[in-house]
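If you're matching positions, the sequence shown starts at 0 in numbering that gives the first Met the number 0 and goes up one per residue. For glycine and all other residues, C-beta sits at the position ideal for the given N, C-alpha and C.
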Amino acid sequence: MGLSWLAYLLLGVSGLWMRSLRQNEQIRPDWLRPAHFLLGLTLAILVLVLLAIGIVGTLGEYGKLGHSVHLISGLAVVYLVFLSAWSAVQISTERLWARQLHVGINAVLLIGFIWVSATGWTVVQKYLP
Ligand code: HEM
Ligand code: HEM
């Protein structure tokens, strides 16, 4: 999850950087967009791994899911990350709304990240002495 947070923060920084370059009509370094894109894919893989660990670990421990809202928050985050990636692919000169959408989804994703971390931390407490 630490890695996911790092990826999210780097995505935010590189995304906002692209935005400021675009708004000031400056040239954007060639590597910036692919780097942002690859970071996005990394984030997508990371949350899928966390989802798999969460589901497999919980099933192994209890044989069933749904002990807390952590399940819902986890699913929400995975869904939002993929929605974000989808909206990113839609961004083009004909589809300017997609950029707004991408940024909007990522703002909601921040709330999701906080939520999944908080609820995850709560379930961790159960295992601490
Ligand atoms: C989920 C994976 C992600 C992918 C595949 C992705 C990909 C992209 C792409 C292709 C663009 C368009 C760049 C252009 O204008 O040519 C973009 C823009 C942007 N992204 Fe992402 N992104 C992802 C996640 C995120 C996240 C998590 C954040 C924020 C924390 C973010 C923030 C931004 C911002 C601020 C822009 C600039 C919009 C603008 O130019 O006004 N992205 N992203
Ligand atoms: C994107 C990030 C994450 C996803 C997608 C995710 C997903 C899941 C899922 C689906 C479960 C099964 C829950 C259930 O059926 O009740 C689970 C369990 C669990 N997760 Fe996560 N999780 C994430 C982040 C975290 C974090 C940050 C922590 C710790 C700080 C954490 C700690 C746990 C623990 C301890 C369990 C066992 C639940 C239990 O015993 O009731 N997870 N996770």
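May I ask you to report which of helix, strand or coil DSSP gives residue i?
i: Arg60; result: The sequence given here places Glu at residue 60; Arg does not occur at that position. Helix, per DSSP.
i: Leu95; result: coil
i: Leu127; result: coil
i: Ile113; result: helix
i: Gln89; result: helix
i: Trp30; result: coil
So, under 8 angstroms CB-CB, residue i and residue j are touching, yes? Tell me the CB distance rounded to an integer number of Å.
i: Ala6; j: Leu50; result: The pair is not a contact, with the Cβ atoms about 15 angstroms apart (cut-off 8 angstroms).
i: His101; j: Ile113; result: Between Ile113 and His101 the Cβ distance is about 19 angstroms, and since that is not below 8 angstroms, they are no contact.
i: Leu42; j: Leu10; result: 7 angstroms
i: Leu79; j: Leu108; result: 5 angstroms
i: Ser72; j: Gly103; result: Contact doesn't hold; Cβ gap of about 19 angstroms is too wide.
i: Gly119; j: His69; result: 6 angstroms
i: His35; j: Ser13; result: 4 angstroms
Would you mind reading off the limits of the alpha helix (DSSP H) that contains residue i?
i: His66; result: Premise fails: His66 is in no alpha helix (DSSP H) and is neither H nor E.
i: Ser16; result: Inspection of the sequence shows that residue 16 is occupied by Trp rather than by Ser. Taken as a continuous stretch (DSSP letters only), the alpha helix (DSSP H) holding Trp16 covers Gly1 to Gln22.
Run the proximity test for residue i: is its beta-carbon closer than 6 angstroms to any non-hydrogen atom belonging to ligand 3?
i: Val76; result: No copy of ligand 3 appears in this structure; the ligands present are ligand 1 and ligand 2.
Let me see if you follow: with CB-CB separation under 7 angstroms, is residue i close to chain C or not?
i: Leu50; result: No chain C appears in this structure, which consists of one protein chain only.
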